[in-house]
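Colleague: Protein chains in written order, with this note's numbering: chain A, 1 to 818; chain B, 819 to 973. Every residue gets a Cβ at the ideal spot worked out from N, C-alpha and C, and that includes glycine. Remember, it's a predicted structure, so these values are computed and weren't measured experimentally. Please see the structure below; I have some questions.
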Amino acid sequence: MDRIADIWGPRTPHPRGTVWPARVDQYLADGITESDVDRWVLSACLLCSNGCGCDIAVKDGRMVGVRGRATDVVNHGRLGPKGLYGSTAWAHSPDRLTRPLVRENGELVETDWDTAMARVTEVSRRLLDEKGPLSHGFYTSGQLFLEEYYTLAVIGKAGIGTPHMDGNTRLCTATAAASFKESFGADGQPGSYTDIEHCDAIFLYGHNMAETQTVLWSRILDRTRAADPPVIVCVDPRRTPVAAEAERTGGVHLAPRVGTNLALMNGLTRELFANGWVDEEWVARHTLGVDDLRAVVEPYTPDEVARICGVDADDLRRAARIFGTSGAVLSTVLQGFYQSHQATASAVAVHNLHLLRGLIGRPGSGILQMNGQPTAQNNRETGADGDLPGFRNWDNETHIRELAGLWNVDPLTIPHWAPPTHAMQIMSYAEEGSIGFLWISATNPAVSMPESARIRRILSGDRCFVVVQDLFLTETARLADVVLPAAGWGEKTGTFTNVNRTVHLSEQAVEPPGEARSDLDIFLAYARAMDFRDAAGEPLIRWRTAEEAFEAWREASRGRPVDYTGLSYAKLRGPTGIPWPVNEDAPEGTDRLYTDAVFPTATDYCETYGHDLLTGASVTEQEHRALRPDGRAFLKGAAWTPPHEETSDEYPLLYTTGRTVYQFHTRTKTSRSRSLNDAAPESWVELSPADAAGLGIAEGDLVRVESPRGSIEVKARVGQVMPGAVFAPFHYGSAGDDPPGQANELTMTVWDPVSKQPYFKTAACRVTKLRDGDGPAPAPTTAGSAPADAGVPPTEGGAATTSRSVPTPAYPNDPGVS
Amino acid sequence: MQLAIYLALAHRAEQTLADSFRVVGEGHAQQPDVLFTCRTLAGMSDDHVRRLAPIVRRYGERDDADADEPERLHAAGLAEVRSGPVGLLRDLQDLHVLGTLVQTTWTVVAQAAQGLRDRDLLELAQHANGETSRQLSWLNTRMKQAAPQALVVAE
Ligand code: SF4
Numbered sequence: 001m002d003r004i005a006d007i008w009g010p011r012t013p014h015p016r017g018t019v020w021p022a023r024v025d026q027y028l029a030d031g032i033t034e035s036d037v038d039r040w041v042l043s044a045c046l047l048c049s050n051g052c053g054c055d056i057a058v059k060d061g062r063m064v065g066v067r068g069r070a071t072d073v074v075n076h077g078r079l080g081p082k083g084l085y086g087s088t089a090w091a092h093s094p095d096r097l098t099r100p101l102v103r104e105n106g107e108l109v110e111t112d113w114d115t116a117m118a119r120v121t122e123v124s125r126r127l128l129d130e131k132g133p134l135s136h137g138f139y140t141s142g143q144l145f146l147e148e149y150y151t152l153a154v155i156g157k158a159g160i161g162t163p164h165m166d167g168n169t170r171l172c173t174a175t176a177a178a179s180f181k182e183s184f185g186a187d188g189q190p191g192s193y194t195d196i197e198h199c200d201a202i203f204l205y206g207h208n209m210a211e212t213q214t215v216l217w218s219r220i221l222d223r224t225r226a227a228d229p230p231v232i233v234c235v236d237p238r239r240t241p242v243a244a245e246a247e248r249t250g251g252v253h254l255a256p257r258v259g260t261n262l263a264l265m266n267g268l269t270r271e272l273f274a275n276g277w278v279d280e281e282w283v284a285r286h287t288l289g290v291d292d293l294r295a296v297v298e299p300y301t302p303d304e305v306a307r308i309c310g311v312d313a314d315d316l317r318r319a320a321r322i323f324g325t326s327g328a329v330l331s332t333v334l335q336g337f338y339q340s341h342q343a344t345a346s347a348v349a350v351h352n353l354h355l356l357r358g359l360i361g362r363p364g365s366g367i368l369q370m371n372g373q374p375t376a377q378n379n380r381e382t383g384a385d386g387d388l389p390g391f392r393n394w395d396n397e398t399h400i401r402e403l404a405g406l407w408n409v410d411p412l413t414i415p416h417w418a419p420p421t422h423a424m425q426i427m428s429y430a431e432e433g434s435i436g437f438l439w440i441s442a443t444n445p446a447v448s449m450p451e452s453a454r455i456r457r458i459l460s461g462d463r464c465f466v467v468v469q470d471l472f473l474t475e476t477a478r479l480a481d482v483v484l485p486a487a488g489w490g491e492k493t494g495t496f497t498n499v500n501r502t503v504h505l506s507e508q509a510v511e512p513p514g515e516a517r518s519d520l521d522i523f524l525a526y527a528r529a530m531d532f533r534d535a536a537g538e539p540l541i542r543w544r545t546a547e548e549a550f551e552a553w554r555e556a557s558r559g560r561p562v563d564y565t566g567l568s569y570a571k572l573r574g575p576t577g578i579p580w581p582v583n584e585d586a587p588e589g590t591d592r593l594y595t596d597a598v599f600p601t602a603t604d605y606c607e608t609y610g611h612d613l614l615t616g617a618s619v620t621e622q623e624h625r626a627l628r629p630d631g632r633a634f635l636k637g638a639a640w641t642p643p644h645e646e647t648s649d650e651y652p653l654l655y656t657t658g659r660t661v662y663q664f665h666t667r668t669k670t671s672r673s674r675s676l677n678d679a680a681p682e683s684w685v686e687l688s689p690a691d692a693a694g695l696g697i698a699e700g701d702l703v704r705v706e707s708p709r710g711s712i713e714v715k716a717r718v719g720q721v722m723p724g725a726v727f728a729p730f731h732y733g734s735a736g737d738d739p740p741g742q743a744n745e746l747t748m749t750v751w752d753p754v755s756k757q758p759y760f761k762t763a764a765c766r767v768t769k770l771r772d773g774d775g776p777a778p779a780p781t782t783a784g785s786a787p788a789d790a791g792v793p794p795t796e797g798g799a800a801t802t803s804r805s806v807p808t809p810a811y812p813n814d815p816g817v818s
Numbered sequence: 819m820q821l822a823i824y825l826a827l828a829h830r831a832e833q834t835l836a837d838s839f840r841v842v843g844e845g846h847a848q849q850p851d852v853l854f855t856c857r858t859l860a861g862m863s864d865d866h867v868r869r870l871a872p873i874v875r876r877y878g879e880r881d882d883a884d885a886d887e888p889e890r891l892h893a894a895g896l897a898e899v900r901s902g903p904v905g906l907l908r909d910l911q912d913l914h915v916l917g918t919l920v921q922t923t924w925t926v927v928a929q930a931a932q933g934l935r936d937r938d939l940l941e942l943a944q945h946a947n948g949e950t951s952r953q954l955s956w957l958n959t960r961m962k963q964a965a966p967q968a969l970v971v972a973e
């Protein structure tokens with residue numbers, strides 16, 4: 001089966017309240033058959049946040065394919081195109097980094113580990129002596145393993161003592177975490193994938209799930225194509241497959257103007273109040289702030305929302321009615337909200353809708369604030385993103401003392417005297433020269449951060465010593481002073497946690513190439529070389545293997561919402577991944593949080609005292625205590641404000657960036673799979689038919705797109721965006737001297753006041769035609785970037801895969817009809 | 819009645835604060851959060867000034883020479899910004915001083931409004947007082963964030 005052409009695979013429809021049938025999807029590289037495979041090694045897919053359980057096929061010491069695990073609660077055996085085609089091909093790519101590199105006379109040259117590490121520690125030591133811990137910054141990933149993040153977090157917080165540590169998760173999932181903290185007091189996904197089987201309606205907010213988490217979308221399709229389907233409501237400025245499904249199920253597609261999400265959400269919220277769809281008794285008992293929220297949303301009548309957002313007032317009313325009158329509603333949220341203007345307030349508004357109706361903690365009534373990357377969740381849990389390990393509150397002295405006790409260090413070492421420094425601020429400090437040592441692991445900010453030219457300038461300048469560890473010589477690695485070759489997925493062991501809290505163990509299947517080492521080993525080697533010690537003079541980091549690191553983390557999670565104490569490597573070798581908390585009360589894990597409607601908001605327990613959603617100002621402990629939240633959730637609202645950059649005569653179109661189904665992140669792995677790469681080989685830009693006609697642009701023409709910050713030259717797809725908007729996929733970097741196609745050349749340096757997530761979807765631009773095209777744009781036809789012109793040949797040609805039905809096993813935490 | 823003097827003070831102090839927020843925001847535009855948040859916060863003060871206008875018309879605004887005691891309370895706004903990380907910190911601190919003056923002014927006005935049972939004025943004073951708290955909270959938060967780096971490592 002060609003899974004490039006057939007993204008979601010065959011349907012297995014089933015009735016509401018029944019278990020999603022199992023089906024095993026498998027891909028083996030050219031010429032390999034099942035009987036050739038030497039071993040299958042336990043893992044989970046690392047190419048999006050869904051975390052599909054899988055086994056890696058190994059032949060002659062090479063990874064040669066994957067198959068879904070039928071017994072895994074997340075995917076019931078399925079895999080999507082990225083997982084199938086993209087999981088293993090990169091590993092034996094000839095351009096893997098196999099030896100460390102150091103910069104000599106301006107050039108990166110190969111060297112050995114001792115030389116490279118000595119260079120790193122020499123600069124690190126000198127700066128610590130001269131300037132102290134604030135001279136050090138760490139920028140990490142959403143693609144390492146839990147053990148690696150936790151080790152890095154301990155090095156940064158207890159060894160060095162710097163608050164400058166963040167992950168690229170800031171770019172993809174910070175708003176999910178921030179919105180949970182504001183509403184419920186701590187991070188933690190309330191809902192479960194099993195809510196799909198129990199709900200009556202599904203709202204997808206800025207979440208093109210059909211492309212970003214294809215297997216989860218298959219799970220939804222298997223319900224919407226059944227005889228008793230849930231109704232879909234889609235909020236997205238593009239006509240995506242999700243939007244089409246909304247129309248098919250009798251739901252609504254709302255396409256708000258870019259930058260107006262919060263006005264739309266306020267309108268939906270107001271409709272709940274105006275129509276009496278609020279569960280007053282539940283709200284009184286379990287929430288705080290309903291009167292303020294009612295006042296905030298009062299001005300957002302359907303007509304006012306229609307005026308601001310450019311949506312039809314009756315469509316808004318219909319969507320609100322679906323939310324207000326359905327028995328069980330599941331909501332999912334992603335980048336369309338997180339990377340847009342007023343991100344945290346908009347994501348929080350989704351929680352508000354659920355809280356107003358008491359639709360949380362019950363089968364079918366869930367919230368899934370999604371993550372972009374596969375291990376973003378662990379970054380948040382362990383504190384490699386600047387938070388403190390175990391969802392502890394940096395403003396709470398008792399929490400700091402707990403950590404200080406755990407690590408046996410002086411509480412003052414742990415940087416808690418100021419808010420953790422977010423990624424964009426770390427770059428600013430590096431730009432000013434006050435961060436002189438920046439360590440970047442497994443991420444490519446030269447492509448993925450906004451205003452790329454500025455980021456390249458900062459990283460290539462001589463004010464900051466840059467260490468990069470990665471699989472390949474990425475755009476970012478080329479600018480580094482030291483490059484460390486890392487082992488990737490399948491070449492090392494570790495755990496990671498998907499969007500709905502399910503923890504998987506991924507075992508080492510093969511040896512890494514050349515001298516490449518696991519990120520864990522690299523961090524441990526640095527800690528050893530720096531000789532970080534605890535208060536008793538013992539080594540600060542006492543673990544040497546991934547399993548020992550996991551055990552150390554387990555202790556750090558004890559008593560916190562993210563409780564791993566009931567998990568072990570042995571337990572994770574069982575048939576399925578397991579959702580946390582796992583402890584004595586929940587030995588088999590926890591499918592759904594907040595079933596008792598008690599939220600982690602108590603002042604002494606919560607992860608944050610909260611913020612003003614408009615400004616990001618912190619709420620103080622005294623203010624929080626005075627509210628006596630004591631387990632009640634917060635209803636928080638904010639007024640809509642116009643976006644930071646609006647269209648003008650000079651830049652008349654709105655520019656927004658996004659994703660395509662066949663690529664992941666900056667394509668480090670997916671571009672090395674022939675099937676995936678051929679399906680979406682180069683960058684493009686999408687225009688609406690009306691705008692294209694006005695500009696004299698036809699399918700495939702070469703165009704220049706310019707914003708006040710930069711320009712790109714790419715081919716045009718006349719497609720599905722709303723008139724007035726322009727869409728560009730963010731995955732593509734600039735190769736050498738080619739005309740730049742990198743979407744982030746145009747984006748702004750501006751971020752959400754609470755989550756500090758950059759707004760990739762707020763910019764104005766203009767488009768001009770450069771010359772006629774010689775064929776259609778290199779954009780896939782299969783999903784959101786489908787062409788308006790039916791004459792474009794369909795995207796197809798993926799390698800063969802198999803898909804077979806198997807008996808559906810019994811899944812713990814997935815009871816089916818109750 | 820001396821209330822008019824305090825209304826004048828509120829009016830001028832809010833205007834000064836609004837202008838100063840804009841100066842600091844534009845002057846530190848390389849820190850985008852400072853730029854955009856200062857704009858938003860300036861907007862709050864603008865709004866207070868606008869809503870005060872009809873009330874001032876009712877009481878008359880006295881801002882004359884014989885009211886020289888409160889006159890001395892008028893603080894000069896920020897006409898230009900300082901440069902560098904420590905400069906940002908100092909500018910935020912100056913805004914905080916201005917904001918504190920605004921806040922105590924509203925506290926005093928709210929007391930008077932209660933005495934006069936002037937609901938419109940009381941509502942405005944309480945609303946403005948609340949928003950001034952938001953301005954001050956943000957300034958505090960941002961100063962806490964900037965201080966360690968500015969004072970310990972920046973050159
Ligand atoms: S949905 Fe995500 S985790 Fe599952 S196979 Fe596809 S890329 Fe991998």
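How would you call A/P190, buried or exposed, if buried means at least 16 neighbouring beta carbons within 10 angstroms?
Modeller: Buried, because 16 or more other Cβ atoms sit within 10 Å of the Cβ of A/P190.
Colleague: Quick check: the region 485-504 of chain A against the region 46-59 of chain A, are at least 3 beta-carbon pairs closer than 8 Å?
Modeller: yes
Colleague: Ends of the alpha helix (DSSP H) at A/I455?
Modeller: S452 to S460 is the span of the alpha helix (DSSP H), which, as asked, contains A/I455.
Colleague: Can you give me the start and stop residues for the alpha helix (DSSP H) that B/L954 sits inside?
Modeller: R937 to P966
Colleague: List the residues of chain A that B/V915 touches, going by C-beta distances under 7 Å, in chain order.
Modeller: Correct list: empty, because the minimum Cβ distance to chain A is about 17 Å.
Colleague: Looking at C-beta atoms only, is the number of pairs between the region 258-273 of chain A and the region 340-356 of chain A that lie closer than 8 Å three or more?
Modeller: yes
Colleague: I'd like the span of the alpha helix (DSSP H) that includes A/M530, first residue to last.
Modeller: Element bounds for A/M530: D519 to M530.
Colleague: Looking at chain B, which residues of the region 414-425 of chain A have a Cβ within less than 9 Å of any of its Cβ atoms?
Modeller: Cβ contacts with chain B: P415, W417, A418, P419, T421, M424 and Q425.
Colleague: Within 8 Å of any Cβ in chain B, is that where the Cβ of A/D612 sits?
Modeller: yes
Colleague: Taking 7 Å as the cut-off, is the C-beta of A/C172 nearer than that to any heavy atom in ligand 1?
Modeller: no
Colleague: Roughly how many angstroms lie between the CA atoms of A/T115 and A/D38, to the nearest whole one?
Modeller: Going by the C-alpha atoms only, they are around 38 Å apart.
Colleague: Anything in chain B within Cβ reach of A/E122, meaning under 9 Å, just list it in chain order.
Modeller: Those within 9 Å of A/E122 in chain B number zero; the least Cβ separation is about 19 Å.
Colleague: Under 8 Å by Cβ, that's how I've got A/N744 and A/S441 pegged, so tell me the actual separation to the nearest angstrom.
Modeller: In fact, because the Cβ distance is near 20 Å, the residues do not count as touching under 8 Å.
Colleague: Tell me which residues share the same chain as B/A928 and place their Cβ nearer than 7 Å to its Cβ, disregarding the 5 neighbours each side in the sequence.
Modeller: Contacts found: L940, A943, Q944 and N947.
Colleague: Between B/V970 and chain A, is the shortest Cβ-Cβ distance under 8 Å, so that the two count as touching?
Modeller: By this cut-off, B/V970 is an interface position.
Colleague: Buried or exposed: A/D385, going by 16 or more other Cβ atoms within 10 Å of its Cβ?
Modeller: buried
Colleague: Whole angstroms is fine: what's the gap from B/E897's alpha carbon to A/D314's?
Modeller: Strictly speaking, residue 897 of chain B in this sequence is Ala, with Glu absent from that position. Each residue's Cα considered, the two are about 49 Å apart.
Colleague: Just reading off the alpha helix (DSSP H) that A/S428 is part of, what are its end residues?
Modeller: A/S428 -> alpha helix (DSSP H) spans A423 to E432.
Colleague: Measuring straight from C-alpha to C-alpha, what distance separates A/T162 and A/P94?
Modeller: Between A/T162 and A/P94, the C-alpha separation is close to 37 Å.
Colleague: Going straight from the alpha carbon of A/I56 to that of A/A284, what length do you get?
Modeller: 51 Å
Colleague: What is the rounded straight-line gap between the Cα of B/Q833 and the Cα of B/V920?
Modeller: When rounded, the distance between both Cα atoms is 10 Å.
Colleague: Less than 8 Å between the beta carbons of A/T660 and A/H731, yes or no?
Modeller: yes
Colleague: Just checking A/G80 against ligand 1 - is the residue's beta carbon closer than 7 Å to any of the ligand's heavy atoms?
Modeller: yes
Colleague: Pull up the distance between the alpha-carbon of B/D886 and that of B/M819, whole angstroms please.
Modeller: Because B/D886 sits at a pLDDT of 49, beneath the cut-off of 50, its placement in the model cannot be relied upon, and the following sentence gives the value as read from the coordinates. Distance between the alpha carbons of B/D886 and B/M819 is about 15 Å.
Colleague: Rounded to the nearest angstrom, what separates A/L353 and A/D200 at their Cα positions?
Modeller: 15 Å
Colleague: Looking at the unbroken alpha helix (DSSP H) that takes in A/K571, where does it start and where does it end?
Modeller: Y569 to L572
Colleague: Determine contact between the region 630-638 of chain A and the region 958-969 of chain B, defined as no fewer than three beta-carbon pairs at a distance below 8 Å.
Modeller: The region 630-638 of chain A vs the region 958-969 of chain B: no contact.
Colleague: How would you label A/D166, buried or exposed, when you count the other beta carbons within 10 angstroms and need 16 or more for buried?
Modeller: A/D166 comes out buried.
Colleague: Which residues of chain B have a Cβ atom closer than 8 Å to the Cβ of A/G616, listed in chain order?
Modeller: Those are D851, T855, W956 and T959, listed as they occur along chain B.
Colleague: Taking just the CA atoms, how far does A/G773 sit from A/T615?
Modeller: 46 Å
Colleague: Who are the neighbours of A/W751 on chain B, taking C-beta pairs under 8 Å?
Modeller: P850 and D851
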